[in-house]
Amino acid sequence: MAIVFQKPKALKDTAFHYCPGCTHGIAHRLVAEALDELDIEGKTIGIASVGCSYNSYDYFACDMIQAPHGRAPAVATGVKRSKPDNIVFTYQGDGDLAAIGTAEIIHAAARGENITVIFINNTIYGMTSGQMAPTTLLNQYTTTTPYGRIADHHGFPINVSEVLAVLDGPAYIERASLHDVKHIKKAKEAIKKAFTMQIMKKGFSMVELLSTCPTNWGLNPVEALNRIKNEMIPQYPLGVFKER
Amino acid sequence: MGQRMLMKGNEAIAEAAIRAGCIHYFGYPITPQTEIAHYMAKKLPKVNGVFLQAESEVAAINMVYGAGSTGTRVMTSSSSPGISLKQEGLSYLAGAQVPAVVVNIVRAGPGLGGIQPSQSDYFQSCKGGGHGDYRQIVLAPSSVQELYELTVEAFNLSDKYRIVTIIQGDGILGQMMEVVEFRDTEPIERPETPWAVTGHENKRAQNVITSIHLNPAVLEQWNRNLQEKYNLIKEKETRYELYNTDDSDIIIVAYGTVARIAKSVIEKAKEEGFNVGLLRPITLWPFPQEAFEKVIDRTKAFITVEMSAGQMLEDVKLSVNGRRPVYFHGRMGGMVPERDDILKLIRDIYGKSA
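Top line first, the protein sequences correspond to chains Z and B. For the first sequence, the working numbering begins at -8 and goes up steadily by one. For the second sequence, the working numbering begins at 975 and goes up steadily by one.
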């Protein structure tokens, strides 16, 4: 019988620990499909960060490093500068990349570091049980904004893709979403393009993926996907912010 | 005989690293060690290496973590406040067993402190400035020649044990100029790195560099393995110098710059009829306890002299373990111990006054 659908080779045969309805699994799969289709898994070194995906090396089959919180772009820089012929990517959440790791991501982007960043934006800290992230929407309830995120007190959400796109260093920055099949297909193309940019030695590439956290949002999986469409995309518009 | 050059201590470190095969350097500017970065910035591009000025000390040590994870010889250097910022990374390097060489040209603290020489980072380097049960090899050179030789050695030790080695100098050692005699070829020992992340090329199993083990039983075993390694290093790699200790009544314990001052104290004391020796730890960790066993029966007292409030003093007391009195003379804030002050203490101990 012909096999018409199977796990990508770049994903190990391990069950994800992610919550039901969480889109980390989809994001992992898309990255793995890109590694397969570009046939680069064997020379890829992935950098896991701190957050729910701290152990993504249990799922990705390529060589991996687990980085300190927020430092993945610096670790990736050290890897890429010592092994320029390898493919290097980081996989980071919004607490990791947009709060504690702000300096590292901005400077990796500004240097045009030839790495690929997969940035999961779910507007919340997942692993530590739902605290406010820099990406948390105004009026969003979290465990540290129990009365909602109030601009006067907590400030405003950070649109990371737009912030990085003003720099000269990045070669490619796109924001995509994982809320339905049509958008997942687009996200896949974005990820593949980002890795292709790296292969072509064009410099820093990043794909921001609007993602769910049903557990900490207090929504069921379907409601969570709808929240991306109805609440997140108005704040975080989809599209290509930088390409050269 | 090798090439002889008049060099600053900081430059000797940088030159030694390149000679040891370290052509990847990540750092951030801070006085009084910046000449290391200047030297690397100039030389590394010429040997197909990489000098990269990081956005922070935090980023620099994480770049070191990344490069070290690929099995590449890599170095960073800084001074006390910068080394404080690197502690998170150093803990990860220890936990994930990534080899690297880190230079700390110590300046006085706490806080921003000053830029004058100090030895007040002994606790931080030797007792673990970061979180967790970990150790790093700490080498304490006492001359520019030794800065060169011990830097080469540091890379060998780091690779051999998959551990961070700290070169612990101070502002005087980093800034002073002395003649260095370079070897024609360096004694480089580089074991295979089957653990390194280099891309598996579909030829071997996945390699992972990590320090997280959420299962406490697994993490305890991981720690036991680390402790076993540390014990092996204690057994094999402890280094020290004994100077004039054969029949000395009093032994000064001092390292780095202060050990040089101690030698001039010893000469002067001899003129006054006092027989004083020097025990100079070269490895601050592992601390040379065995050196004390060699001399304790034939000495009456120890004097620890440091540019700190008394940090190594604790290890000296542990090593002497109450068998002899341990006196202390320390200066802080960038002030340097003076020969005559130490002599005065010696006279007092001998029960005489000048």
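C-beta atoms are modelled at their ideal positions from N, C-alpha and C, and glycine is treated no differently.
Below-7 Å beta-carbon distance, residue i vs any chain B residue
| i | result |
| --- | --- |
| M123(Z) | no |
| G139(Z) | no |
| A94(Z) | yes |
| Y82(Z) | no |
| Q131(Z) | no |
| H144(Z) | no |
| Y163(Z) | no |
| Q(-3)(Z) | no |
| G86(Z) | no |
| P59(Z) | yes |
| I190(Z) | no |
| D246(Z) | Any answer about residue 246(Z) is impossible in this case: the structure gives chain Z only from -8 up to 235. |
| K34(Z) | yes |
| K0(Z) | no |
| I91(Z) | no |
| R243(Z) | A query on residue 243(Z) cannot be resolved here, the shown segment of chain Z reaching from -8 to 235 and no further. |
| R20(Z) | no |
| H98(Z) | yes |
| K74(Z) | yes |
| Y50(Z) | no |
Beta-carbon proximity of residue i to residue j, cut-off 7 Å
| i | j | result |
| --- | --- | --- |
| D1144(B) | T1231(B) | yes |
| T1184(B) | Q57(Z) | yes |
| F1276(B) | R1305(B) | no |
| L155(Z) | A100(Z) | yes |
| N130(Z) | L201(Z) | no |
| L1121(B) | I987(B) | yes |
| F232(Z) | I175(Z) | no |
| G121(Z) | D87(Z) | no |
| H1105(B) | S1065(B) | yes |
| R1321(B) | V1239(B) | no |
| A976(B) | D1158(B) | As written in the sequence, residue 976(B) is Gly, which differs from the Ala given in the question. It is a contact, given that the beta carbons lie within the stated cut-off. |
| T1167(B) | G1045(B) | yes |
| V1279(B) | P1255(B) | no |
| G92(Z) | G1040(B) | no |
Exposure label - residue i; buried when at least 16 CB within 10 Å
| i | result |
| --- | --- |
| L1261(B) | The question names Leu, but residue 1261(B) is Phe in the sequence shown. Per the 10 Å Cβ criterion, buried. |
| R1164(B) | exposed |
| N1181(B) | buried |
| M(-8)(Z) | exposed |
| D76(Z) | exposed |
| H98(Z) | buried |
| K71(Z) | buried |
| I1162(B) | exposed |
| P1019(B) | exposed |
| Y1135(B) | buried |
| L1292(B) | exposed |
| T136(Z) | buried |
| A142(Z) | exposed |
| E1175(B) | exposed |
| P228(Z) | exposed |
| P11(Z) | exposed |
| N150(Z) | buried |
Residue-level contact to chain Z via CB, residue i, 7 Å cutoff
| i | result |
| --- | --- |
| I1140(B) | no |
| A1328(B) | Only weak support exists for where A1328(B) lies, its pLDDT of 40 falling under 50; the coordinates are left without a value. |
| S1116(B) | no |
| M1037(B) | yes |
Beta-bridge pairing of residue i - partner residues as DSSP gives them
| i | result |
| --- | --- |
| D54(Z) | I36(Z) |
| K183(Z) | K183(Z) is not bridged to any residue. |
| H998(B) | V1024(B), V1048(B) |
| V1226(B) | The residue you asked about is not Val; residue 1226(B) is Ile in the sequence shown. In the DSSP output, where bridge partners are listed per residue, I1226(B) has L1252(B), I1277(B). |
| K233(Z) | I164(Z) |
| P1091(B) | R1081(B) |
| M197(Z) | V108(Z), I164(Z) |
Quick check: the segment 103 to 116 of chain Z against the segment 184 to 199 of chain Z, are at least 3 beta-carbon pairs closer than 8 Å? yes
Tell me whether the segment 1085 to 1102 of chain B and the segment 1151 to 1158 of chain B touch, counting them as touching only if at least three CB pairs, one residue from each stretch, are closer than 8 Å. no
Below 8 Å, how does it come out for the segment 1047 to 1065 of chain B and the segment 1016 to 1034 of chain B: are there three or more Cβ pairs, yes or no? yes
Spell out a yes or no on whether the segment 1006 to 1018 of chain B and the segment 29 to 46 of chain Z are touching, meaning 3 or more CB-CB pairs, one atom from each, closer than 8 Å. no
Is it a yes or a no for the segment 112 to 126 of chain Z touching the segment 48 to 56 of chain Z, going by three-plus beta-carbon pairs under 8 Å? no
How about the segment 1064 to 1075 of chain B and the segment 1213 to 1220 of chain B: do they share at least three Cβ pairs that are nearer than 8 Å? no
Inspect the CB distances between the segment 989 to 998 of chain B and the segment 203 to 210 of chain Z and report whether three or more fall short of 8 Å. no
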